[in-house]
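Chemist: Per our numbering, the sequence shown runs over residues -9 to 1077.
For each residue, glycine too, the CB sits at the ideal point set by N, CA and C.
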Amino acid sequence: MGNYKLINNALGWIVFAIASCVYLMTIEPSGSFWDCGEFVSSAYKLEVGHPPGAPFFMLTANLFTQLASDPSMVAKMVNSMSALFSGLTILFLFWSITHLARKIVVNDGQEMTTAQLVTIMGSGVVGALAYTFSDTFWFSAVEGEVYAYSSLFTAVVFWLILKWEEVADKPHADRWIILIAYLMGLSVGVHLLNLLCIPAMVLVYYYKKFPEPTMKGTLVALLISFVIIALMMYGVVQGLVEICGYFELLFVNVLGMPYNSGVYAYVIVLAAALAWSIWETMRDEVHPLRLKLSFLIAVTLIGIPFIGSSYLIPVVIVAGLAAWLFLSKKLNIKLMNTTLTALLVIVVGYSSYALILIRATADTPMNQNAPSDIFTLRTYLAREQYGDTPLLYGRTYVSEVKRTNEGNMCAAVTHEGSPVWTRIEKKDPNEKDRYYVSRHNLEYEYVDELNMFFPRMHSAEPRHIEAYKEWANIKGQPVKFTQCGETKSVLKPTFAENIRFFISYQLNFMYWRYFLWNFSGRQNDIQGQGEVNHGNWITGIKFIDEKLVGPQDNMPSDIADNKGHNVYYMLPLLLGILGLVYQVYAGKKGIQGFWVTFMLFFMTGIAIVLYLNQSPLQVRERDYAYAGSFYAFCIWIGFGVAALVKLLQKYAKLPSMASAVVASIAALLVPIQMAGQNWDDHDRSGRYIARDFAHNYLNSCEPNAILFTNGDNDTFPLWYAQEVEGIRTDVRVCNTSYLQTDWYIDQMKKQAYESAPLPISWNHADYVQGTRDFAYIFPVTEQAVDLNTALEFVRSNDPKYKKLPGLSEEMDYLPSQTLTYKVDSAAVVQHGVVDTADARYILRDMTIDLKGKNALGKQELIILNMLQTNNWQRPMYYAITVSPDQFVNLSPYFQKTGMAYQIVPMKVEKTVKAVNVEKMYDNVMNKFKWGGVNEPGIYLDENVLRMCKSYRYSVFAPLAATLMQEGDNERALKVLDKCMEVMTPENVPMDYTALSIGEFYYLLGQKEKGHAVYEAIADNMMRNLDWYFRLKPTQFASVASDLNTDLYTMQEIMRVAKEHDKELQEKYQEEFDNFRMAYASLQKKGE
């Protein structure tokens, strides 16, 4: 049909409009949790985020932030960018589906009929809308993260290779290849995920250039595509920077020139080499020797041969390339020109990383890893701070570092790794610039007998080991090995158990579960670790779901009433499988299209699983990493329409036009069902929770405070609040995880907005990476040691402070388990650290008991140094969400002020209240904001609900309890009412976290309110217990923890009701007793 192109374009833009409108209607209007706060902050002020950075995302998002009329609108603009880019992704998906469908539906040389047009358009619309409303993609589309932008790059380059396929035989067709290469270079500045679509594109190229493809040819094409990925990831991305580093050393250390002179020289030389090599391919009279030489130089300078840390690899690659070039009698000059031009535009796209260097050199307030020179940029790009994960061969969780006798020590066997080049600290401004090797990365060698091929269970964290054993049902096999002459034996997991974990956890739980969330159904949005009631996939078909996740009637409210409970009755899955089969059996073009789609599906899904090699107990769901795989499956969903058309024609004997219309309308019901199910748990409109909760952390602190945080969600939203909206910039947020690094300590010692440098007295040399990473606790004295004396002991470089009896190895250590800090009471009073009424409780000395700890990490040493140096001039706080193992045993001196604990020189549990009543009451009742959590119908995901329940349990309840202890019942009642007003039972379900709220109502004589709270809790608990006891024995074990919690909750309710509410007790006592007896019976059977 002559109007195919017009209709295809028009429908594509209509689908884009639908998707974009949906996403813009459901975006979060402010910052979100997890990494979003960091990404929005980095975009707004072009600051340096976590490795490996996303400079092109920063630049593009910064453009959108210019449209904000107010700082509070910045995040909304970045989120809108994600929404629009996600809409564009849907547009290109539509065009990709219609392109692939047209090749199959319409035979070569055949005039397209109207029925075929409807079939093709129906396929595109259904497939594109299925992805529009899919769980994972919709989630990323409405927040300021890199994954929406990354998806757009994937969609565009895949569509571009299909555009190239249309015109491949025409002159200048390779311009599409060059455009793809440029976009791939740009995409590196967003996310490396985009490189994974290369195999699919290589197959398109192969099938077009070789009309009669073979299995051998296909495999060779795939092998070449994998090599291209490796060369991009480890050659261009990291090798280019490595070559640049060699130039920098030459110009600075050898030639005595200023810092960065080598970088500038490298850029000029690289540009000249590329220009020369491309020019040689375009000359009328080609000079073979110059062409070969220029090609070799250009490829080498780009860094492609510099893969890995061994110097041998680049030598071998360069020698092999040179041999091929100079021994070849005939060269494909067009291919060389295309390759060189592609490399040129890749480098141009990749040059967005110059932004990271420029902004890190500007020393922005957020400057993660401080990659201000080419060597730190190399470390930044390689993500070295995250460590390495074995892939093909390596350690298991029982692996031990190989040791050998050295004198009287059983020392670890290590190898000197790559050098760490660092700028010298100048003592004289006139001193020449120079780099020196500050240290070498150490590489540990592991006992060979304990290593394994394809190691999937590699983490030695105790909690991970327990999870491995559960997921793989590990029995193990005894393995003997020798260490320093001593024979040991451990139970090493077998290879079969290793594969069992790979299949059960990494594949099934961490990929296929997410896949089925999107195309079958989702139980709820509660993060699961394999429990039968948390985050599983379902179908919506009762008899199937009963086998999968237990009874489907009278389910707990966490399942039945959860907005993340979505059912699609497997319709998207079945339609996709139907489309897959249709494509496979659609002749030669169909099978070729299948392999192209399959490689996109595999590389952006299961290949990522293989590469990530994830350990169990992930901190959050990781489905966003596999969005590209779900994108590919939606191509098959689109083909499902064409399959239905064929089935209707064959079996229902419908005319082709009627079949096309009926199939398209029927299949369209699938994305409509998905939209209806997913809307309520993807609509983030009206949510200001991340920003307001960050506001609450910051406003729990006095002016000019230091606030220690630890996790993503008590750090990144606070960065957003300060960096973007300017909230409480006098408070210095200090993340204890980052405080283990020298670059972060350096930043903490600098002014940031209204926050003065942190009181850290140690010099850079005292904490440079590799120095004092740990100080072991060896109590050579039982007496308490003054804190300053102990820290100076650790800080000293005198060898006599590093020697321990019986050990030849020098090490940093603390000489006592007990430290004392003399309190300057005058400074405490002067700076208002303690309320005047509590001044009599100020201690003369604070005792820091380190018993139970084997060592202090660098971050703990720095915190103690701050405590010592600060001398109470600035208030110091810990966020209440920080793990106790980060407290440096200072918790006896914590006083709660809201969402933070202030360090005070008083033993709070013995002398004064653990709550600063006046400060906390003012914070909670007057200063805190709630982000709309009490708005009817607002979506609170599990992460937000957990925080809300924490407020209920850790903020409102302790404050009310303290007020009641003081006899201030009036204000205590106001606190309880505020809690119920903000954390409404409709939005924040009632569970054990509300027990204290109900009991306090009773104690205050508010029986009706107490009854309402306890009745709501009891109804939920009894509903849960009823469901638990109807589970199959194989399912029951996974809810044991929840079961115990709910039984305890009911026991507490009965205890309080017995005294205050006989009516409530009578209502639930008999049923509760039955559950208790049933549980006791099960325990006896278990014995």
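In terms of alpha-carbon separation, which member of 34, 1006, 8 lies closest to residue 546?
Modeler: Working through the sequence shown from its first residue, we reach residue 546 at position 556. Of 34, 1006, 8, the residue nearest in Cα terms is 1006.
Chemist: Given this structure, state the Cα-to-Cα distance separating residue 48 from residue 31, to the nearest angstrom.
Modeler: Mapped onto the sequence shown, residue 48 falls at position 58. Mapped onto the sequence shown, residue 31 falls at position 41. Rounded to whole angstroms, residue 48 to residue 31 spans 9 Å at the Cα level.
Chemist: Alpha carbons only, please: which of 42, 540, 508, 903 is nearest the one belonging to residue 827?
Modeler: Taking the sequence shown and counting its residues from 1, one reaches residue 827 at position 837. Checking every option, the nearest Cα to that of residue 827 belongs to 903.
Chemist: Let's test the definition: count the other Cβ atoms within 10 Å of the Cβ of residue 319 and tell me whether it reaches 16, buried, or not, exposed.
Modeler: Against the sequence shown, residue 319 aligns to sequence position 329. The residue in question, residue 319, is exposed, as its Cβ has fewer than 16 Cβ neighbours within 10 Å.
Chemist: Give me whichever residues DSSP pairs with residue 527 in a beta bridge.
Modeler: The residue labelled residue 527 in the question sits at position 537 within the sequence shown. Looking at the DSSP assignment, residue 527 forms a beta bridge with 512.
Chemist: Considering only DSSP beta bridges, list what residue 890 is partnered with.
Modeler: If you number the sequence shown from 1, residue 890 lands on position 900. In the DSSP output, where bridge partners are listed per residue, residue 890 has 869.
Chemist: Give the secondary structure of residue 855 by DSSP, where H, G and I count as helix, E and B as strand, and everything else as coil.
Modeler: On the sequence shown, residue 855 is found 865 positions in, with the first residue counted as 1. In this structure, residue 855 counts as helix in the three-state DSSP scheme.
Chemist: Any chance the segment 614 to 630 sits against the segment 574 to 593, with 3 or more Cβ pairs inside 8 Å?
Modeler: yes
Chemist: Distance, Cα to Cα, residue 819 vs residue 949?
Modeler: The count along the sequence shown starts at 1 and reaches residue 819 at position 829. The count along the sequence shown starts at 1 and reaches residue 949 at position 959. The straight-line gap from Cα to Cα measures roughly 24 Å.
Chemist: Short of 7 Å in beta carbon distance, which residues of its chain neighbour residue 291, apart from the five on each side in sequence? Order them along the chain.
Modeler: Counted from its first residue, the sequence shown places residue 291 at position 301. 233, 259, 260, 263, listed in sequence order.
Chemist: Pull up the CB-CB distance for residue 134 and residue 68, whole angstroms please, since I reckon it's below 8 Å.
Modeler: By one-based count along the sequence shown, residue 134 stands at place 144. By one-based count along the sequence shown, residue 68 stands at place 78. Right, the Cβ-Cβ distance comes to about 4 Å (below 8 Å), so this counts as a contact.
Chemist: So, under 8 Å CB-CB, residue 1039 and residue 985 are touching, yes? Tell me the CB distance rounded to an integer number of Å.
Modeler: Along the sequence shown, one-based indexing puts residue 1039 at 1049. Along the sequence shown, one-based indexing puts residue 985 at 995. 7 Å between Cβ atoms; contact.
Chemist: In this structure, how does DSSP classify residue 1034 when only helix, strand and coil are distinguished?
Modeler: The residue labelled residue 1034 in the question sits at position 1044 within the sequence shown. Here residue 1034 sits in helix by DSSP.
Chemist: Among residues of its own chain, excluding the 5 on either side of residue 84, which ones have a beta-carbon nearer than 6 Å to its beta-carbon?
Modeler: Along the sequence shown, one-based indexing puts residue 84 at 94. These residues qualify, in order along the chain: 2, 5, 114, 118.
Chemist: For the segment 866 to 873 and the segment 697 to 717, state whether three or more C-beta atom pairs, one from each stretch, are separated by less than 8 Å.
Modeler: Flag = yes, the segment 866 to 873 and the segment 697 to 717 touch.
Chemist: Would you tell me roughly how many angstroms separate the C-alpha atoms of residue 1115 and residue 814, rounded to the nearest one?
Modeler: This structure cannot settle anything about residue 1115, because the visible part of the chain is limited to -9 through 1077.
Chemist: To the nearest angstrom, report how far apart residue 273 and residue 340 are at their CA atoms.
Modeler: As a working note, residue 273 is residue 283 in the sequence shown. As a working note, residue 340 is residue 350 in the sequence shown. C-alpha separation (whole angstroms): 28 Å.
Chemist: Give the secondary structure of residue 839 by DSSP, where H, G and I count as helix, E and B as strand, and everything else as coil.
Modeler: Against the sequence shown, residue 839 aligns to sequence position 849. Strand.
Chemist: Looking only at its chain, what residues have a beta carbon closer than 6 Å to the beta carbon of residue 799, apart from the 5 residues adjacent to it on each side?
Modeler: Translated into the one-based positions of the sequence shown, residue 799 becomes position 809. Answer for residue 799: 399, listed in chain order.
Chemist: Check for me: the alpha helix (DSSP H) holding residue 880 runs from which residue to which?
Modeler: Here residue 880 corresponds to residue number 890 of the sequence shown, with the count starting at 1. No alpha helix (DSSP H) contains residue 880, which DSSP labels as neither H nor E.
Chemist: With the cut-off set at 8 Å, would you say residue 895 and residue 911 are in Cβ contact?
Modeler: Residue mapping note: residue 895 aligns to position 905 of the sequence shown, counting from 1. Residue mapping note: residue 911 aligns to position 921 of the sequence shown, counting from 1. It is not a contact, given that the beta carbons lie outside the stated cut-off.
Chemist: Beta-carbon separation of residue 394 and residue 388 under 8 Å?
Modeler: Position 404 of the sequence shown holds residue 394. Position 398 of the sequence shown holds residue 388. Not in contact: residue 394 and residue 388 (Cβ atoms no closer than 8 Å).
Chemist: Can you tell me which of the three DSSP states residue 444 falls into?
Modeler: The count along the sequence shown starts at 1 and reaches residue 444 at position 454. Here residue 444 sits in coil by DSSP.
Chemist: To the nearest angstrom, how far is the alpha carbon of residue 189 from that of residue 941?
Modeler: As a working note, residue 189 is residue 199 in the sequence shown. As a working note, residue 941 is residue 951 in the sequence shown. Their Cα atoms are separated by approximately 49 Å.
Chemist: Can you tell me which of the three DSSP states residue 1020 falls into?
Modeler: In the sequence shown, residue 1020 corresponds to position 1030, counting from 1. Three-state DSSP puts residue 1020 in coil, outside helix and strand.
Chemist: Please report the distance separating the alpha-carbon of residue 465 from that of residue 436.
Modeler: To locate residue 465, count along the sequence shown from 1; it is residue 475. To locate residue 436, count along the sequence shown from 1; it is residue 446. Going by the C-alpha atoms only, they are around 22 Å apart.
Chemist: Starting from residue 468, trace the beta strand (DSSP E) both ways and give me its first and last residue.
Modeler: Residue 468 sits at position 478 when you count from the first residue of the sequence shown. 467 to 473 is the span of the beta strand (DSSP E), which, as asked, contains residue 468.
Chemist: If contacts are defined as beta-carbon pairs under 8 Å, then residue 630 and residue 563 qualify, I think. What distance do you get, rounded to the angstrom?
Modeler: Taking the first residue of the sequence shown as 1, we reach residue 630 at position 640. Taking the first residue of the sequence shown as 1, we reach residue 563 at position 573. About 10 Å separates the two Cβ atoms, so there is no contact after all.
Chemist: Taking 7 Å as the limit between beta carbons, can you name the residues of its chain near residue 501, skipping five residues before and five after?
Modeler: Start at 1 with the first residue of the sequence shown, and residue 501 comes out as number 511. Around residue 501: 595, 596, 599, 616.
Chemist: Using the C-alpha atoms, what's the distance from residue 1018 back to residue 672?
Modeler: Sequence index remark: in the sequence shown, residue 672 carries index 682 (1-based). Sequence index remark: in the sequence shown, residue 1018 carries index 1028 (1-based). Going from the Cα of residue 672 to the Cα of residue 1018 covers about 29 Å.
Chemist: Who pairs with residue 409 in a beta bridge, going by DSSP?
Modeler: As a first step, residue 409 must be located in the sequence shown, where it is residue number 419. The partner list for residue 409 (beta bridge, DSSP) reads 430.
Chemist: Return the chain-ordered list of same chain residues with a C-beta closer than 8 Å to the C-beta of residue 776, the five sequence neighbours on each side being excluded.
Modeler: Taking the first residue of the sequence shown as position 1, residue 776 is located at position 786. These residues qualify, in order along the chain: 809, 810, 811, 812.
Chemist: Can you tell me which of the three DSSP states residue 82 falls into?
Modeler: Walking along the sequence shown from the start, residue 82 turns up at place 92. Helix.
Chemist: What residue from 298, 271, 669 has the CA that sits closest to residue 285's CA?
Modeler: If you number the sequence shown from 1, residue 285 lands on position 295. Selected option, being the one with the closest Cα: 271.
Chemist: Check whether the Cβ atoms of residue 725 and residue 23 sit closer than 8 Å, and answer yes or no.
Modeler: The count along the sequence shown starts at 1 and reaches residue 725 at position 735. The count along the sequence shown starts at 1 and reaches residue 23 at position 33. Against a cut-off of 8 Å, the Cβ pair of residue 23 and residue 725 comes out as no contact.
Chemist: Which residue from 334, 634, 664, 660 puts its Cα closest to that of residue 651?
Modeler: Here residue 651 refers to the residue found at position 661 when the sequence shown is read from its first residue. Nearest C-alpha to residue 651: 634.
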